[in-house]
Structure formats: structure tokens, C-alpha cells
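Enquirer:
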Amino acid sequence: MVRCDDLERLLAGREERWLRQRRLLASSDVVLQTALNVPGLPKAVEGDVSLLEALGSRLEACLVVPSERLLLVNGAGAALLLAFRGVDPLRLKEEALSLEEGLSWGRILDIDVLTEAGSLSRQLLGRPPRSCLLCDLPSKVCARQARHPLAALREAFLLLFERALGDLETFNSSRRPSLPFGDGGARGEGPDRP
Numbered sequence: 001m002v003r004c005d006d007l008e009r010l011l012a013g014r015e016e017r018w019l020r021q022r023r024l025l026a027s028s029d030v031v032l033q034t035a036l037n038v039p040g041l042p043k044a045v046e047g048d049v050s051l052l053e054a055l056g057s058r059l060e061a062c063l064v065v066p067s068e069r070l071l072l073v074n075g076a077g078a079a080l081l082l083a084f085r086g087v088d089p090l091r092l093k094e095e096a097l098s099l100e101e102g103l104s105w106g107r108i109l110d111i112d113v114l115t116e117a118g119s120l121s122r123q124l125l126g127r128p129p130r131s132c133l134l135c136d137l138p139s140k141v142c143a144r145q146a147r148h149p150l151a152a153l154r155e156a157f158l159l160l161f162e163r164a165l166g167d168l169e170t171f172n173s174s175r176r177p178s179l180p181f182g183d184g185g186a187r188g189e190g191p192d193r194p
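Following this line, the structure appears as C-alpha cells:
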């Protein structure tokens with residue numbers, strides 16, 4: 001059962017995240033937000049910040065240097081926000097999806113690309129909805145219908161999360177994904193397919 005104070009922290013955290021996104025977008029063209037899809041509460045898990053920092057370093061090595069970088073940890077969980085100027089949001093979303101799909105544990109990642117017009121969807125790029133952690137149905141369908149016990153979803157998340165933490169050293173030292181953006185961005189050597 002969700003406690004009232006946990007829910008209040010989650011909602012306050014989401015509001016704070018939204019406000020930070022708005023502030024970053026006021027001085028940039030696009031914000032790349034990286035977070036984890038953590039089923040249930042609490043949204044924080046030990047090692048989440050380390051994983052997001054590693055992903056952020058990996059992304060920063062492949063992109064135009066962000067104009068701003070913010071790591072936010074609150075009741076909604078940890079989120080890394082990178083703000084960019086002069087970057088094509090559609091291309092950024094495509095590369096973010098490629099990163100999510102290219103990692104064996106990428107399903108637990110939630111990489112959003114935000115502009116003043118809103119968040120760019122997977123469907124905008126012709127991609128199917130995000131699948132459930134336990135089956136092939138869209139995750140939103142399973143969540144709406146409560147098709148799976150929360151404990152089973154959390155366990156599936158934790159298994160992938162442990163794999164991600166185990167891969168951190170290899171992930172940080174392996175080839176950089178190809179993320180060619182803007183005119184001055186660093187170029188990666190090729191896609192990461194662990």
C-alpha cells in the first residue's frame with residue numbers, strides 16, 4: 001500500500017522536475033532528461049545516481065557540450081537533465097532510443113527529449129510504445145489494467161538494474177555510441193551493443 005507521505009514526495013518531486021525542465025528550456029532549445037523506470041515506490045534505488053552519472057558522462061562525450069547539466073534527486077527519483085542549444089531534437093530522440101534499445105538493460109532507462117512544445121514521443125519517430133517489463137504488451141496498457149503484481153515488476157526492474165550496475169565499468173570504457181549532433185559535437189566510434 002502506498003503511504004500518503006510517499007505519494008506526496010512523489011508528486012512534489014515531479015513538480016520540482018517539471019519546474020527545472022521549464023527553467024532549462026527558458027535558456028536552451030532542448031533538454032535531454034535521463035531517469036529510470038522504477039516500478040512502485042520508493043523511486044530511489046541504491047546506485048541510481050551512479051548509473052545516471054555514468055550515462056550522462058557517456059552522452060556528454062558524444063554530444064555537443066551541454067549548456068547546462070543538472071542532477072536532480074527527490075521523491076520522483078533521480079534524473080539527469082542536459083540542456084542543449086543548436087541540437088536537432090528529433091535526431092536527439094532517435095539516438096536516445098537507439099541507446100535505450102542497444103543496451104541489454106536499456107528497458108529500465110527513460111530518456112526523454114523535451115522542447116518548448118513538449119516531450120517528443122516514440123510514436124513520432126514511428127517506434128512502438130515502450131513494452132512492459134514482464135510481457136510484450138505496451139507498458140501503459142499493463143499499468144492501466146494492473147496486469148502484473150507490483151512486486152513482480154519491481155523484481156524485473158531490479159534484475160535489469162543489477163545488470164546495469166555490473167556493466168558500468170565496461171559501459172564507461174567501451175566504444176562511445178555514435179551521436180552526431182550540431183556542428184561542433186564530438187563523434188562517437190560506433191553504436192554500443194553489449
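Numbering (full-length UniProt numbering), first residue to last: 1 to 194. Cβ atoms here follow ideal geometry from the backbone N, Cα and C, with glycine treated the same way. Bear in mind the structure is a predicted one, so any value in this text is a computation, not a measurement.
#1: Could you pull the start and end residues of the beta strand (DSSP E) that GLU68 belongs to?
#2: Would you mind giving the Cβ-Cβ distance between residue 206 and VAL65, rounded to the nearest angstrom? I have them listed as a contact below 8 Å.
#3: Judging by CA-CA distance, which residue of ARG91, GLY77, LEU32, ALA79 is the nearest neighbour of SER67?
#4: Closest to LEU133 by CA distance: which of ALA54, GLU95, ARG154 is it?
#5: What span of residues does the beta strand (DSSP E) with GLN33 cover, start to end?
#6: Can you give me the C-alpha to C-alpha distance between PHE84 and LEU7, rounded to a whole angstrom?
#7: Spatial neighbours of GLY182 within its chain, please: C-beta separation below 6 Å, excluding the five flanking residues on both sides.
Expert: Straight from the coordinates:
#1: Unbroken beta strand (DSSP E) run through GLU68: 68-74.
#2: Missing from the structure shown is residue 206; the chain here goes from 1 to 194 and no further.
#3: Answer by Cα proximity: LEU32.
#4: If you compare the alpha carbons of ALA54, GLU95, ARG154 with that of LEU133, the shortest gap goes to ARG154.
#5: Following the DSSP letters along the chain, one finds GLN33 inside the beta strand (DSSP E) bounded by residues 30-36.
#6: Here the C-alpha atom of PHE84 lies approximately 32 Å from the C-alpha atom of LEU7.
#7: At GLY182 the pLDDT is 37, less than 50, meaning the model places this residue with poor confidence; the figure from the coordinates comes in the next sentence. Taking GLY182 as the centre and dropping the five residues before and after it, the same chain places the C-beta of VAL64, GLY86, VAL87 closer than 6 Å to its C-beta, in chain order.
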